[in-house]
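Numbering (my numbering), first residue to last: 336 to 586.
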Amino acid sequence: MKIDAFLETLFEAGAHVGHSKSRRHPQMERFVFGVRNNIEIFDLQQTAFLLEAAEQFLVSLGQEGRVVLWVGTKPAARGHIERVAQDLGASYVSGRWLGGLLTNFKEIAKRLEYWKRLESEAESGELEKYVKKEKLMKIGELRKMTRIFSGLRALKSVPDAIVIVDPRNEKTALREAKKKNIPIVALLNSDCDPDGIRYPIPMNDGSTAAIKIILERLGTAYRNGQNERAARLVLDSAEQATAAAETPSTA
């Protein structure tokens, strides 16, 4: 998509609309083009430029087989976060953030394993071995844990990067990522603090249409990197097989 056409798409989605000037975080001023009816307007050329930098980063992560965690719990973002992450087979948080997910991952991993054991017991019928009261308790526990952990099934380690929609809303996730020095890609409005965010994407983080556009672009970038990695591995495997076949036998 040509840059002018993409800017028009962003504009039509309302990506340019910030908050009122009184709500602006001082460090977001550089991304603002102007003010209209006391509402700040983002410079969408900067948005597109910064999005491209974030896309290049995600391509590199995909090429290297790195793990990305996708986070967005506000109603405007939740469905898009789930869809993009699920399409990638990636981990995501679209409900309540679990404190310690990044800073105390060992404990979170233990809970994930317990949840999977409960699932296995339910699927195999092993829950029938418990008395009625204990069985009902475990079923209730399983339902609760499924609601909490469903997006984290594939998470085996602390992620290598995190994509956040509205870091002001996801304060705990942001704080934990910073503490662990995890690179952050963030869709952020004019009331957010961009400090410590490696790849900020200034935009209307309350517009579901704009969020959809940006997340799909980021997801596609990561997928392209994954595809390049897969193709390279296939090529390397073929070259190794050819070299082995051409090596004279010493028998």
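Quick reminder that beta carbons are idealized off the backbone N, C-alpha and C, glycines included. If you're wondering where the values come from, they're calculated on a predicted model, not measured in any experiment.
Close CB contacts of Ala420 within its chain, under the 6 Å cut and outside five residues either way in sequence, are with Trp405 and Tyr427 (chain order). Distance from the CA of Tyr449 to the CA of Ala388, rounded to the nearest whole angstrom, comes to 39 Å. Note on Pro502: 16 or more other CB atoms within 10 angstroms of its CB, so buried under the neighbour-count rule. Secondary structure remark: continuous alpha helix (DSSP H) runs of at least 4 residues inside the segment 343-412, in chain order: 379-398. Here the C-alpha atom of Pro518 lies approximately 24 Å from the C-alpha atom of Arg359. Taking C-beta separations shorter than 6 Å and ignoring five residues to either side along the sequence, the partners of Ala556 in its chain run Glu390, Leu393 and Val394, following chain order.
If you check the CB distance, Arg482 and Gly435 do not come in under 8 Å. Ranked by how close their Cα comes to the Cα of His354, the residues Gly541, Val569 and Asn559 have Gly541 in first place. Within the DSSP bridge table, the entry for Ala521 names Ile499 and Pro535 as partners. With three or more CB-CB distances shorter than 8 Å, the segment 521-532 counts as touching the segment 486-503. Counted as a single uninterrupted DSSP element, the beta strand (DSSP E) harbouring Tyr427 occupies residues Ser426 to Val428.
In the structure shown, Asn516 falls within a coil segment according to DSSP collapsed to helix, strand and coil.
Take the alpha-carbon of Gly400 and the one of Lys468: they are about 45 Å apart. Less than 8 Å separates the beta-carbon of Ile548 from that of Thr344.
In the structure shown, Leu453 falls within a helical segment according to DSSP collapsed to helix, strand and coil.
Here Lys468 carries a helix assignment [DSSP, helix/strand/coil]. Between Gln362 and Pro537, the C-beta spacing is not below 8 Å. If you draw a straight line from the Cα of Val569 to the Cα of Ser357, it is about 55 Å long.
Shown here for Arg552: same chain residues with a beta carbon closer than 8 Å to its own, the five before and five after excluded, namely Leu386 and Glu390 in chain order.
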